[in-house]
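Numbering (this note's numbering), first residue to last: 25 to 470.
The beta carbon of each residue, even a glycine, is placed where N, CA and C say it ideally should be.
Please read all numbers here as calculations on a predicted model, not as lab measurements.
Read the structure below first, then the notes.
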Amino acid sequence: MGNRSTFGSKFGAITAIAGSAVGLGNIWKFPYVAGENGGAAFLIIYTVITLLISIPVLLAEFTIGRRGQSNAFRSFVNVAPHKGWAAIGILELLGAMFILSFYCVIAGWSLEYIWQSAEGGFAHMTQAQMDSQFNDFVASGWRPILWMIIFLILNAGVLCLGVSKGIERCSKFMIPALFSILVMLAGVNLWQPGFAEGAAFILEPDWSAVTGQTIIKALGQSFFSLSIGMAAMITYGSYIQRQESLVSVSVIVSLATVLMAVLAGLAIFPSVFTYHVPVTSGPDLVFKTLPPLFAELPGGYVISILFFVLLFFAALTTSLSIMESLVAFFTEELRIARAYALMIGFGLILICSTFCALSQMPDSPVMIGNLSLFDWTDSFSSNYILPIAGLGCVILVGWFVPKTVVEHELTSSGRYPLWVFKFVLFMMRFVCPVVILFMFINGIIH
Ligand code: PHE
Numbered sequence: 025m026g027n028r029s030t031f032g033s034k035f036g037a038i039t040a041i042a043g044s045a046v047g048l049g050n051i052w053k054f055p056y057v058a059g060e061n062g063g064a065a066f067l068i069i070y071t072v073i074t075l076l077i078s079i080p081v082l083l084a085e086f087t088i089g090r091r092g093q094s095n096a097f098r099s100f101v102n103v104a105p106h107k108g109w110a111a112i113g114i115l116e117l118l119g120a121m122f123i124l125s126f127y128c129v130i131a132g133w134s135l136e137y138i139w140q141s142a143e144g145g146f147a148h149m150t151q152a153q154m155d156s157q158f159n160d161f162v163a164s165g166w167r168p169i170l171w172m173i174i175f176l177i178l179n180a181g182v183l184c185l186g187v188s189k190g191i192e193r194c195s196k197f198m199i200p201a202l203f204s205i206l207v208m209l210a211g212v213n214l215w216q217p218g219f220a221e222g223a224a225f226i227l228e229p230d231w232s233a234v235t236g237q238t239i240i241k242a243l244g245q246s247f248f249s250l251s252i253g254m255a256a257m258i259t260y261g262s263y264i265q266r267q268e269s270l271v272s273v274s275v276i277v278s279l280a281t282v283l284m285a286v287l288a289g290l291a292i293f294p295s296v297f298t299y300h301v302p303v304t305s306g307p308d309l310v311f312k313t314l315p316p317l318f319a320e321l322p323g324g325y326v327i328s329i330l331f332f333v334l335l336f337f338a339a340l341t342t343s344l345s346i347m348e349s350l351v352a353f354f355t356e357e358l359r360i361a362r363a364y365a366l367m368i369g370f371g372l373i374l375i376c377s378t379f380c381a382l383s384q385m386p387d388s389p390v391m392i393g394n395l396s397l398f399d400w401t402d403s404f405s406s407n408y409i410l411p412i413a414g415l416g417c418v419i420l421v422g423w424f425v426p427k428t429v430v431e432h433e434l435t436s437s438g439r440y441p442l443w444v445f446k447f448v449l450f451m452m453r454f455v456c457p458v459v460i461l462f463m464f465i466n467g468i469i470h
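Pasting the structure below:
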């Protein structure tokens with residue numbers, strides 16, 4: 025246990041954790057959800073909910089990881105009074121596997137689009153041509169799989185260098201680069217005729233659009249953005265050094281997710297409003313709507329490439345955290361060398377992602393109910409695993425882990441203020457469980 029890896033510096037820890045948090049969810053979903061749900065009103069609600077609810081849940085995961093000093097399964101065994109709690113760890117690892125399976129496919133698409141932009145592929149294309157080009161690409165089957173494999177190899181390449189030399193070094197470069205690209209893209213958009221409308225879409229508060237569902241959406245988005253419930257934050261928590269403040273790391277990373285999402289909105293929506301195309305989110309926005317619009321901007325060729333590089337950086341730093349959770353689990357539980365654990369993780373995700381990619385082909389048999397495997401892994405992990413695991417973590421840390429232990433972790437042995445610990449513990453005990461349960465039931469009903 026003594027020679028377990030850690031992140032080398034606070035900046036390194038923050039970039040790696042922010043790397044996990046800032047992902048596809050921030051770029052293609054958050055700005056849209058914000059725009060549809062009251063713009064700045066949503067951003068305010070999101071920030072308040074994140075500070076009051078999500079951060080205590082994140083802190084529960086960090087506490088389990090840093091105290092447990094092991095992978096997402098073993099950390100539960102180490103901190104919980106009863107071994108049964110480790111079932112939550114298994115659930116989180118299962119969530120990690122599901123989420124990575126479809127994440128790698130999308131990350132592969134971003135590589136294909138970097139390639140296509142470099143070939144100048146999107147200039148003068150109509151929306152209809154773009155639609156059919158994307159559909160053909162996905163339906164080809166082998167091409168998305170090829171890019172997915174390349175993405176997995178890149179992942180493995182970083183992970184085989186280890187936590188500090190691999191993940192941390194990569195994040196220290198990619199997160200600032202991602203931020204700079206976003207600032208630049210938002211800057212270029214300042215000259216677009218639709219800038220004011222695009223900016224107003226996410227920055228003008230419209231309280232009349234806020235309903236009970238807005239709050240549920242903000243919660244779901246916030247949990248997903250902070251990578252809660254999928255083993256990643258327990259694993260990364262175990263790499264945070266003893267003296268670092270878990271609370272300040274959580275607050276900084278949370279605010280970074282909001283900032284990145286707002287910048288993504290400013291980079292994306294001015295074009296959408298300038299050309300009066302329908303506002304969309306998810307894969308449609310990024311892979312169908314945007315490419316021909318970006319190609320029209322001054323410097324469109326470079327902008328298209330940069331945008332997909334940005335998407336790739338966001339996906340890679342996120343997938344590293346998920347894959348690392350699996351690798352740490354295999355290394356420590358099977359007591360094998362990291363290289364072998366990496367091979368197992370690679371093989372496992374290769375199989376799952378291949379099925380996910382195939383499930384997107386027309387008339388694919390890889391369906392669960394009426395959802396393709398691709399959509400199912402996404403919705404099952406976000407709607408079921410995430411809330412159940414999140415609930416388990418706050419209850420465990422709030423009620424069953426000795427209070428002195430939690431205090432020790434949240435104040436980093438007395439280095440940081442006690443009132444913050446008291447407040448967080450109160451939220452973990454009384455508020456978070458009720459809110460998460462409510463969100464879970466609401467999610468099932470709707
Ligand atoms: N936070 C990531 C995103 O916004 C998604 C994620 C969820 C990553 C769970 C890891 C674990 O895209």
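_Rounded straight-line distance, which links the Cα of G165 to that of S278_ = If you draw a straight line from the Cα of S278 to the Cα of G165, it is about 37 angstroms long.
*asked:* Let's test the definition: count the other Cβ atoms within 10 Å of the Cβ of V485 and tell me whether it reaches 16, buried, or not, exposed.
replied: Absent from the model: residue 485. The displayed extent of the chain is 25 to 470, so no value can be given.
_Any heavy atom of the ligand PHE closer than 7 angstroms to the beta-carbon of F161?_
No; taking the cut-off as 7 angstroms, the Cβ of F161 has no heavy atom of the ligand PHE nearer than that.
_I want to check one thing, is the minimum distance from the CB of I412 to the heavy atoms of the ligand PHE below 7 angstroms?_
Checking every heavy atom of the ligand PHE against the Cβ of I412, none is found closer than 7 angstroms.
*May I ask you to report which of helix, strand or coil DSSP gives L48?*
In the structure shown, L48 falls within a helical segment according to DSSP collapsed to helix, strand and coil.
*Decide if T150 is buried, meaning its Cβ has at least 16 other Cβ atoms within 10 Å, or exposed.*
Here T150 is exposed, its C-beta having fewer than 16 other C-beta atoms within 10 Å.
*Could you spell out the range, first to last residue, of the alpha helix (DSSP H) harbouring W171?*
Unbroken alpha helix (DSSP H) run through W171: W166 to L183.
*So, is V212 buried or exposed, given that buried needs 16 or more other C-beta atoms within 10 angstroms?*
Note on V212: 16 or more other CB atoms within 10 angstroms of its CB, so buried under the neighbour-count rule.
_Applying the 10 Å Cβ sphere with the 16-neighbour rule, what's the burial state of Y364?_
That one is exposed.
*Return the chain-ordered ranges of every alpha helix (DSSP H) run that is complete within the segment 337 to 422 and spans a minimum of 4 residues.*
Counting only runs that start and end inside the segment 337 to 422, the alpha helix (DSSP H) elements of at least 4 residues fall at 362 to 382, 397 to 404 and 410 to 419.
*To the nearest whole angstrom, what separates the beta carbons of T259 and S406, a pair I think is in contact under 8 angstroms?*
Contact annotation, T259 with S406: C-beta distance approximately 19 angstroms; criterion of less than 8 angstroms not satisfied.
*Check each candidate in S403, S33, P200 and W52 and name the one with the smallest Cα separation from D308.*
When only C-alpha atoms are compared, the closest one is W52.
*asked:* For E136, count the other beta carbons within 10 Å of its own beta carbon; 16 or more makes it buried, fewer makes it exposed. Which is it?
replied: Label assigned to E136: buried.
*Could you round the C-beta distance between S156 and F332 to whole angstroms and report it? I think they count as a contact, below 8 angstroms.*
Contact annotation, S156 with F332: C-beta distance approximately 19 angstroms; criterion of less than 8 angstroms not satisfied.
*By Cβ distance, which residues of its chain are closer than 6 angstroms to F219, with the 5 residues on each side in sequence left out?*
Once the five neighbours on either side are set aside, the close Cβ partners of F219 are N213 and P294.
_Beta-carbon proximity list for F297, same chain, < 6 angstroms, skipping 5 on both sides_ = Cβ within range, chain order: G218, E221 and G222.
*asked:* Here's the rule I'm using: 16 or more other beta-carbon atoms within 10 Å means buried, otherwise exposed. How should V162 be labelled?
replied: Around the CB of V162, 16 or more other CB atoms lie within 10 Å, so the residue is classed as buried.
*For S232, name the three-state secondary structure that DSSP assigns.*
Residue state, collapsed to three classes: helix.
*asked:* Across the segment 60 to 78 and the segment 355 to 371, are there enough close Cβ pairs to call them in contact, namely three or more that are closer than 8 angstroms?
replied: The segment 60 to 78, when compared against the segment 355 to 371, does not touch it at the 8 angstroms Cβ threshold.
*Tell me whether M254 sits in a helix, a strand or coil according to DSSP, three-state version.*
Coil at M254, not helix or strand.
*Whose C-alpha, out of L202, P55, G32 and I38, is nearest the C-alpha of L290?*
For L290, the closest C-alpha among the options L202, P55, G32 and I38 is that of P55.
*Between the segment 109 to 125 and the segment 336 to 356, do three or more beta carbon pairs fall short of 8 angstroms?*
By the Cβ criterion, the segment 109 to 125 is in contact with the segment 336 to 356, since at least three pairs of Cβ atoms, one from each stretch, lie closer than 8 angstroms.
*Should I88 be listed as close to the ligand PHE, given that the test is whether its C-beta is under 7 angstroms from any heavy atom?*
I88 Cβ: outside cutoff for every heavy atom of the ligand PHE.
*Grouping DSSP H, G and I as helix and E and B as strand, with all else coil, what is G186?*
Coil, per DSSP.
*asked:* Please report the straight-line C-alpha distance between V187 and R28, rounded to a whole angstrom.
replied: Rounded to whole angstroms, V187 to R28 spans 10 angstroms at the Cα level.
*Cβ contact (3+ pairs, closer than 8 angstroms) linking the segment 79 to 87 and the segment 426 to 446*: Segments in contact, yes.
*Alpha carbon to alpha carbon, how far is A104 from F424?*
Rounded to whole angstroms, A104 to F424 spans 7 angstroms at the Cα level.
*Which residues bound the alpha helix (DSSP H) around M463?*
Boundaries of the alpha helix (DSSP H) harbouring M463: C456 to I469, taken from the DSSP string.
*Around the ligand PHE, which residues pass a check of Cβ closer than 6 angstroms to any of its heavy atoms?*
This selection yields S44, A45, G47, L48, G49, N50, I123, F248, S249, S251, M254, A256, T342, S345 and I346.
*Would you say the beta carbon of G190 comes nearer than 7 angstroms to a heavy atom of the ligand HEM?*
In the structure shown, the ligand HEM is absent; the only ligands present are the ligand PHE.
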